[in-house]
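Visitor: Residue numbers (the working numbering), protein chains in the order written: chain A, 57 to 397; chain B, 57 to 397; chain C, 57 to 397; chain D, 57 to 397.
C-beta atoms are modelled at their ideal positions from N, C-alpha and C, and glycine is treated no differently.
To start, I am sharing the structure in question, which I have written as structure tokens.
There are 4 protein chains.
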Amino acid sequence: MPMSTSYDKKKRILLDPAGRRMREIFSEEDIASLRAWFDVVWAKDEPIPLESFEREKQSLFAVVGCGWRFGAVDGMPALRAILDVGGGLPRPDTLDYETCFKRHIRVLTCAPAFGPMVAEMALAMALDCAREVSLGDRLFRSGEERYLHAGNTDTFTLFGRRVGFVGYGGLAQTLQPLLEPFRCPITVYDPWLTERHLRNAGVAPSSLDEVMSESDVIFVLAIPTSHNKAMVTRRHLEMIRPGRVFVLMSRAHVVDFDALTDLVLGGRFKAAVDVFPEEPLAKDHPIRRAESAVLSAHRAGAVKDDLRLIGRMVTDDLDAMNRGLPPHRMQNAEPELVFRL
Amino acid sequence: MPMSTSYDKKKRILLDPAGRRMREIFSEEDIASLRAWFDVVWAKDEPIPLESFEREKQSLFAVVGCGWRFGAVDGMPALRAILDVGGGLPRPDTLDYETCFKRHIRVLTCAPAFGPMVAEMALAMALDCAREVSLGDRLFRSGEERYLHAGNTDTFTLFGRRVGFVGYGGLAQTLQPLLEPFRCPITVYDPWLTERHLRNAGVAPSSLDEVMSESDVIFVLAIPTSHNKAMVTRRHLEMIRPGRVFVLMSRAHVVDFDALTDLVLGGRFKAAVDVFPEEPLAKDHPIRRAESAVLSAHRAGAVKDDLRLIGRMVTDDLDAMNRGLPPHRMQNAEPELVFRL
Amino acid sequence: MPMSTSYDKKKRILLDPAGRRMREIFSEEDIASLRAWFDVVWAKDEPIPLESFEREKQSLFAVVGCGWRFGAVDGMPALRAILDVGGGLPRPDTLDYETCFKRHIRVLTCAPAFGPMVAEMALAMALDCAREVSLGDRLFRSGEERYLHAGNTDTFTLFGRRVGFVGYGGLAQTLQPLLEPFRCPITVYDPWLTERHLRNAGVAPSSLDEVMSESDVIFVLAIPTSHNKAMVTRRHLEMIRPGRVFVLMSRAHVVDFDALTDLVLGGRFKAAVDVFPEEPLAKDHPIRRAESAVLSAHRAGAVKDDLRLIGRMVTDDLDAMNRGLPPHRMQNAEPELVFRL
Amino acid sequence: MPMSTSYDKKKRILLDPAGRRMREIFSEEDIASLRAWFDVVWAKDEPIPLESFEREKQSLFAVVGCGWRFGAVDGMPALRAILDVGGGLPRPDTLDYETCFKRHIRVLTCAPAFGPMVAEMALAMALDCAREVSLGDRLFRSGEERYLHAGNTDTFTLFGRRVGFVGYGGLAQTLQPLLEPFRCPITVYDPWLTERHLRNAGVAPSSLDEVMSESDVIFVLAIPTSHNKAMVTRRHLEMIRPGRVFVLMSRAHVVDFDALTDLVLGGRFKAAVDVFPEEPLAKDHPIRRAESAVLSAHRAGAVKDDLRLIGRMVTDDLDAMNRGLPPHRMQNAEPELVFRL
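See below:
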């Protein structure tokens, strides 16, 4: 049911999600709403030809796409919003953010749409490690399963365990409520946030050393930046206590992956890994044989049904902006952070 | 730190947990508290010899054990409580409940101590099935992993999904808050509870047919009784919608296991199974080969560290009863239910 | 909609709520359900004549009433439950509890029905004191109101304040979640409960001295017993810090009311009082003039619409017992506590 | 304990909170932190003389004050933030927002600091009306109190009642969790928000007519704008059902106050009022005599101790911006909303 009130003249929006598909991210209902409220341009799976774009650009109120491949925004006087449905933001070398900020053009990312599915997978993989679900299943298939206590010599429950987060951005904040029923005290290392911010959020600020050495379950949730390449070093990984759980969810970039592989192969601790330094990972990469690892092929943020959340956010925020209100579901590109990426 | 006030004469209690071990269920602190408050008899891992029991029985205030092998309670005038640390209750053919009720002898079970670890495993296995964690890990180990969307053709997240419970006893009530962050509407089949009881608990009462046919994730949590043998029939299992998740946690007794095996082998739905009709399961049982199953060797309720919760409950309730108060942590044998078992 | 399955022969129940009225506690729907499931006897507002009772008693399965005025239960072979709708339990000098326990006759009280309304009033009165709502309204009516900061010289908000409970029974446990959004640490004095029980419930066990001297808001919630007459002495009341809030909800019996009157008149602290040593209170009682008090005429537990909750509990528990299940909404008379009253 | 890392050269900030006092909003700890991280200018209760400001302005990184009285920001090349501690934002006729946005100068309001204390007062006054706390206290003081049910002929509890919000901004969002334990369905009228935004927030979007006619408790929480003067008309007020509760918290501007006065004097419904069309209100204003009203002299947002939250927010956000991060506690002036005010 369309919610925006009608206007004398509909604004024009470009739907050019190339990289994703229309039907993958938009429900019937969302498309119908957008068509009711706006004059919709393109709306196909393949990328709009640049010459077509040039014909339309002057009248466009908003552009929905993956990244930005249209050059300067100068010839787009009506433009009020760029909505990125890829998962990140247009790179600063492709989009002129300075002009966008000056002209109050909103640049928005659908990144928050991935939070729930990735956070759920983080929990699933942490539980899998702590309770040895995959390992137990593997043993069962080979007829070597051990029953009751014999099958629980190295397991633990999450209840009341010390959890450590490396990074406290959107993903961490989405994971936190999933852990709430387990009443785990959460310690956080995030150099971009103040201590009081973290305390107000109900977590304990800490150093990376402490997070690594004191936690029962460590979640790596930090967004990759130019500053945090291999921030979690071999020394840090060696601090993890025996039998504890290390969950790598955000990017392999953040961790010394060779060290991680060595230590998990050596049985020092358990690890759940969804992201790898190269994907696909080499067929002979040794981590594939690690008994105390649970491996996932970058599958956490790609659940089919849930991608429709992207379209719902886009639709809601276009509705708001059409009424002259600020968007409220997608994430705003903040000047401080864009210029730092 | 002992909490009970001192008494002129300490009451005597028998600690005879044979079947479990003293150190497995009691922390140092709990043992110290019990010794401070009571005159403790036996407290060894092996069963107390019956002749020793006969010498002590007249003065015993409470007996802590697994089941009941001491015959009539008539010669035990001081007896006020029987605390079962095995997980169930003494069988009615071994213990004279009628006399216990008449004499206000409390019969208590530590069953609630297992709730959190079994509920956690139920969640872990449900997530494992829905997100294909074990399957993805297995494929990764054989070099057949598929990345991103290609690895998510049959997965779904729990958020907002319809959950069905078969049975709404202590285990279900412990699982419910773990599911809360996922905001799943929960439908329940439990013939022992009234509709209003269920509605007051925040779940929707339903028929078994509806639970099976409408749910995205079905948890079997019912305690086995003489009435519910294979209550979940082949017909019920055939109602599960394609690709949905069936989690068997309480007892295989409740389900037609052959039908379950057939259907899961046929790929009709996904299944997580922690309990089997015979344990250990036959090495050639076909369910071991089911691709869409996650198998666990009755490991949900046997996490080492968490067994200490049993001792904590025993200690707390003995403390309460020593002060003339009702116990509050272990579960009371209710006449209506005991006589029905 | 009746929920109990039909039986060859309906059981008989006596509805004799004299002291309350039928329509006050039972909705149309509840009465209809009871009539559908049971053969209902009497069901009038005035007390059943004893000779009528004598004629019926042999066949009664359950008796719903206020207190017990029918003597021995010996002539009532079918009796399985006594449901008290007055708010307490039959006095031990009127009802032979020993026989009830021996025969597994449930004795139940509707006390939990009053928890929500009394807890809400406790919160309302605490907020009224802390924010000076009634006082501010009184000043406004006399044209003496002071605006903004000038009207807030002695107020405080509840957020994060130290709360103390005297007594941790049903009422306290119902009040606790209402305070949760304010994130107040709660300290409890309750000599009937163990330290661990309290810690498990999320509150901090403490001495009465500490509760009185350290809390910003003190709630007196203890049930009157023969042991706690004026348990909160003048010395305790003098410990309350200046300007803090003392809320008396359960019974005046628990407090030295003369001392309370003196200290509140002297402006030592603020007080909210719903219960008095004699009701109606003497017209010239000095507490009526206390500027820093909020007074309520035992009104917390008597909200008209909410009394229907009593009938709902009675109906639900009769439904359960009719099916041979334990009751689950009303509170069971525990042997330990009954014999102590 | 200062948290910002040291810099070669401290940035300069102006603390000029005139309208508030330094000590009223800043704790010792906050001032110490600001002095450790910044070169602090002025920091006195009286307004900085304009000639002093002129001398300093070129080097200022941030200005903390009430409103804006310094003209153009052109001569302030270092300026990155204006932090308003008054409660609102600088008026658009005093501050050149366009230039601020172009230069990425953050304009921030401490408005969220008032949310908790105003929301608490809204709950307190709603409970006071529904349970007749002030009225009951008034009757008690004049010796006319009525006990138990006689004193509850017109009261109701909040549990499960239909709540209506007029406006769903920061205050409403702070009030919502305080109502959560009462499990009230909440209906909202807010023409600035989309239906889906409201549904996602757990409330039901609705028309103003419906909110007025269907709710048991109505909270007016809308910020005054040029468009909503007397938006709640006499016709709307006449829709309130008899005996229900109307709580006016945000501004009298939003309501036809004469109509409100008439209807409350006529006993049509109950009203709690914290804000008035003129303050102080005329001594002979008839609403002062309304028996079914609870009146408060604009006291909801002026609790002494809680004003320190303003200083805490200012300190946290200056810390963040000093590190090149976005502020996260104060509220950002959004272009869409500023240009609409």
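Mapping DSSP to helix, strand and coil, what is D/Thr243?
Guide: Strand.
Visitor: Name the one or two DSSP bridge partners that D/Glu300 has.
Guide: Here residue 300 of chain D is Arg; the residue named in the question, Glu, does not match the sequence. Note: D/Arg300 sits in no beta bridge, so no partner.
Visitor: Could you check the C-alpha separation between A/Met295 and A/Ser269 for me, to the nearest Å?
Guide: Going by the C-alpha atoms only, they are around 5 Å apart.
Visitor: Secondary structure at D/Gly216, three-state DSSP: helix, strand or coil?
Guide: D/Gly216 falls in the coil class under three-state DSSP.
Visitor: Check the C-beta distance from B/Asp72 over to B/Gly121 and give it rounded, since I have them as a contact under 8 Å.
Guide: With 8 Å as the limit, B/Asp72 and B/Gly121 qualify as a contact, their Cβ atoms being about 5 Å apart.
Visitor: Beta strand (DSSP E) containing A/Val331: first to last residue?
Guide: Where A/Val331 is concerned, there is no enclosing beta strand (DSSP E), given that its DSSP letter is neither H nor E.
Visitor: Closer than 8 Å, Cβ to Cβ, to anything on chain A: give me those residues from the stretch 304-328 of chain B, in chain order.
Guide: So nothing in the stretch comes that close.
Visitor: DSSP three-state label for B/Thr230, please.
Guide: Helix.
Visitor: Bridge partners of A/Asn388, per DSSP?
Guide: A/Leu164, per the DSSP bridge assignment.
Visitor: Could you spell out the range, first to last residue, of the alpha helix (DSSP H) harbouring A/Ala376?
Guide: Taken as a continuous stretch (DSSP letters only), the alpha helix (DSSP H) holding A/Ala376 covers Arg364 to Asn378.
Visitor: Going along chain B, which residues have a C-beta under 8 Å from C/Trp248?
Guide: Result: Arg379 and Leu381.
Visitor: What does B/Arg252 touch in chain C if you count any residue whose Cβ is under 9 Å from its own?
Guide: Chain C residues near B/Arg252: Met59, Arg368, Thr371, Asp372, Asp375 and Arg385.
Visitor: So what does DSSP say about B/Leu249, is it helix, strand or coil?
Guide: Correct three-state label for B/Leu249: coil.
Visitor: Could you tell me which chain B residues have their CB closer than 7 Å to the CB of C/Glu392, listed as they occur along the chain?
Guide: Result: Gly380, Leu381 and Pro382.
Visitor: Below 8 Å on C-beta distance, what does C/Lys158 contact in chain B?
Guide: Simply Phe157 and Lys158.
Visitor: Give every residue of the same chain whose Cβ lies closer than 7 Å to the Cβ of B/Asp152, excluding the five residues on either side of it in the sequence, and list them in chain order.
Guide: If we look at B/Asp152 and ignore the five residues flanking it on each side, its Cβ neighbours are Ala128 and Val129.
Visitor: Output, in chain order, the set of chain C residues within a Cβ distance shorter than 8 Å of D/Leu351.
Guide: Under the 8 Å cutoff, chain C gives Gly192, Asp193, Phe196, Arg197 and Glu201.
Visitor: Do you know offhand how far A/Leu145's Cα is from A/Val163's?
Guide: Cα to Cα, A/Leu145 sits roughly 8 Å from A/Val163.
Visitor: For A/Phe221, decide whether its Cβ has a neighbour in chain B, counting only Cβ atoms nearer than 8 Å.
Guide: No, because no Cβ of chain B sits closer than 8 Å to the Cβ of A/Phe221.
Visitor: Can you list the residues of chain G that D/Pro172 reaches, using a CB-CB cut of under 7 Å?
Guide: The question asks about chain G, but that chain is absent: this structure's protein chains are A, B, C and D.
Visitor: Identify every run of the beta strand (DSSP E) within the stretch 271-328 of chain A, keeping only runs that are complete inside it and at least 3 residues long; order them along the chain.
Guide: You should have 273-276 and 301-304.
Visitor: Can you say whether D/Gln114 is buried or exposed, counting buried as having 16 or more other CB atoms within 10 angstroms of its CB?
Guide: D/Gln114 should be labelled exposed.
Visitor: For A/His283, tell me which candidate among A/His253, A/Met386 and A/Pro247 has the shortest Cα-Cα distance.
Guide: Selected option, being the one with the closest Cα: A/Pro247.
Visitor: Taking the straight line between their C-alpha atoms, what separation do you get for C/Thr371 and C/Ala358?
Guide: C-alpha separation (whole angstroms): 20 Å.
Visitor: Which chain C residues are close to D/Gly207, counting only those with a beta carbon under 9 Å from its beta carbon?
Guide: Simply Ser352, Ala353, His354, Arg355 and Ala358.
Visitor: By how many angstroms is the C-alpha of C/Asp375 removed from the C-alpha of C/Pro58?
Guide: Model confidence at C/Pro58 stands at a pLDDT of 39, short of 50, so the residue's coordinates are unreliable; what they give is reported in the following sentence. So the alpha carbons of these two residues sit roughly 9 Å apart.
Visitor: To the nearest angstrom, how far is the alpha carbon of A/Phe238 from that of A/Leu183?
Guide: Taking the straight line joining both Cα atoms gives about 11 Å.
Visitor: From the beta carbon of C/Pro237, is the nearest beta carbon of chain D less than 8 Å away?
Guide: For C/Pro237, the answer is yes, since a Cβ of chain D falls inside 8 Å of its Cβ.
Visitor: Distance check for A/Ala308 and A/Pro333, CA to CA, integer angstroms please.
Guide: So the two alpha carbons sit approximately 5 Å from each other.
Visitor: In this structure, how does DSSP classify C/Arg125 when only helix, strand and coil are distinguished?
Guide: Note: C/Arg125 maps to coil in three-state DSSP.
Visitor: Rounding to the nearest angstrom, what Cα-Cα distance links D/Arg202 and D/Asn208 in this structure?
Guide: Taking the straight line joining both Cα atoms gives about 8 Å.
Visitor: Have a look at A/Arg91, A/Pro148, A/Pro280 and A/Asp330 and flag the residue whose alpha-carbon is nearest the alpha-carbon of A/Met173.
Guide: Nearest option by C-alpha distance: A/Asp330.
Visitor: C/Met386 and C/Pro168: beta carbons closer than 8 Å?
Guide: A contact, by the Cβ cut-off of 8 Å.
Visitor: Taking 8 Å as the threshold (beta carbon to beta carbon), is C/Arg300 in contact with chain D?
Guide: Chain D contact via Cβ: absent.
Visitor: State the DSSP-derived secondary structure class of D/Phe170, mapped to helix, strand or coil.
Guide: D/Phe170 falls in the helix class under three-state DSSP.
Visitor: For chain B, is any of its Cβ atoms less than 8 Å away from the one on A/Leu227?
Guide: No, its Cβ sits nowhere closer than 8 Å to a Cβ of chain B.
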